[in-house]
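Under numbering that gives the first Met the number 0, the first residue of the sequence shown carries the number 0, and numbering increases by one thereafter. The block underneath contains the structure these notes are about, expressed in structure tokens.
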Amino acid sequence: MRKNFGVKSWVYPQPVLMIGTYDENGSPDVMNAAWGGQYDADLVMLSLSAHKTTDNIKLKGAFTVSFATAKTVVPCDYVGIVSANTDPDKMKKSGFTVTKSENVDAPIINELPLTLECSLVKFNEDGIVIGKIINVSADESILTDGNIDSKKLDAIIFDPANAAYIRLGDKVGDAFKDGAQLK
């Protein structure tokens, strides 16, 4: 038996994406965005409404996308509920610190260990942002044998049905391999 819920924005899993930008004065900003993901091999897509972040993306033509972690859930949630338009001390209050990306005019949030550094490809009137991934940078603390270790990253996802953040779980299979059993 199944239960119908009607139209809901319940795509699972939804990564908790942290979008970093600089404003016209070079001040960093970061916002929490759940609606976005991989658009193509080297592109990301974000669905954003009007925010200081969207103004900054248009202005600078660049942004970073980092992944919220279990360790950073409180500041990641905070920057999603407070606007830099109304609280100029948002970054300071979050406790996040930044390093300027060497590849795009956008900040890398030091406390978030995995970052996509992106240049703006397209921004449409519906608030859809498409960015080209120029570089992926990862803190060495989340690497095992030179590769990103999902356990060490400890990324969280957004559970829209329950308004909750959830830690990702264990490996359950090998991509592009396990299905071959059915050939």
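We treat Cβ as the ideally placed atom computed from N, Cα and C, and that holds for glycine. All values derive from a computational prediction rather than experimental measurement.
Beta carbon proximity, residue i to chain C, threshold 9 Å
i, result
"C117", "The structure shown contains no chain C; it is built from a single protein chain."
Closest Cα partner of residue i within the set the options
i, options, result
"V135", "F66, S48, D54", "F66"
"T71", "E139, K176, A174, Y164", "Y164"
"V64", "M0, L113, N146, K170", "L113"
"P12", "I141, A179, W34, T96", "W34"
"K51", "D76, D86, F4", "D86"
"V15", "D144, Y77, V171", "Y77"
"T22", "K151, A105, K150", "One detail in the question is off: residue 22 reads as Asp in this sequence, not Thr. Minimum Cα distance to D22 is reached at A105."
"L42", "A49, V120, I156", "V120"
"K91", "K2, I107, D28, A40", "D28"
"F157", "G36, G25, N3, S26", "G36"
"S26", "L142, E110, T96", "T96"
"I107", "A61, N3, I147", "A61"
"D169", "N3, G178, I155", "I155"
"K59", "Y38, N24, D39, A49", "N24"
Own chain partners of residue i with C-beta closer than 6 Å, once the 5 adjacent residues on each side are dropped
i, result
"K89", "V81, A83"
"I133", "N102, V103, E116, S118"
"A160", "W9"
Residue range of the alpha helix (DSSP H) that includes residue i
i, result
"I132", "Here I132 belongs to no alpha helix (DSSP H); instead the beta strand (DSSP E) covers 127-137."
"K151", "149-152"
Same chain, Cβ closer than 7 Å to residue i, five either side skipped, listed in chain order
i, result
"K182", "none"
"D153", "T68, A69, K70, R166"
"S140", "P112, K151"
"A32", "L16, I18, L45, L47"
"V171", "none"
"K131", "D41, L42, C117, S118, V120"
"S149", "L167"
Unbroken beta strand (DSSP E) run spanning residue i, endpoints
i, result
"K57", "Looking at the DSSP string, K57 is not in any beta strand (DSSP E); the run it does join, the alpha helix (DSSP H), is 51-59."
"I186", "In the structure as shown, the chain starts at 0 and stops at 182, and residue 186 therefore has no counterpart that could be examined."
"L167", "Neither: L167 is in no beta strand (DSSP E) and is coded neither H nor E."
"G172", "Premise fails: G172 is in no beta strand (DSSP E) and is neither H nor E."
"V120", "113-122"
"F157", "155-158"
"Y11", "First-last for Y11: undefined, no H or E at that position."
"D39", "35-39"
"S26", "Note, S26: premise wrong, no beta strand (DSSP E); not H, not E."
"V43", "42-46"
Neighbourhood of residue i by C-beta, 8 Å cutoff - its chain only, sequence neighbours within 5 removed
i, result
"T53", "L47, F122, G126, V128"
Supposed close pair residue i, residue j - CB separation, criterion 8 Å
i, j, result
"P74", "S93", "4 Å"
"I56", "T20", "6 Å"
"M30", "G79", "6 Å"
"I147", "A137", "6 Å"
Near the ligand MG: residue i beta-carbon under 8 Å from a heavy atom
i, result
"A154", "For the structure depicted, the ligand MG is absent and the ligand set is empty, with no information on it obtainable."
Any chance you could list the beta strand (DSSP E) runs of at least 3 consecutive residues sitting entirely within the segment 70-105, in chain order?
-> 97-99
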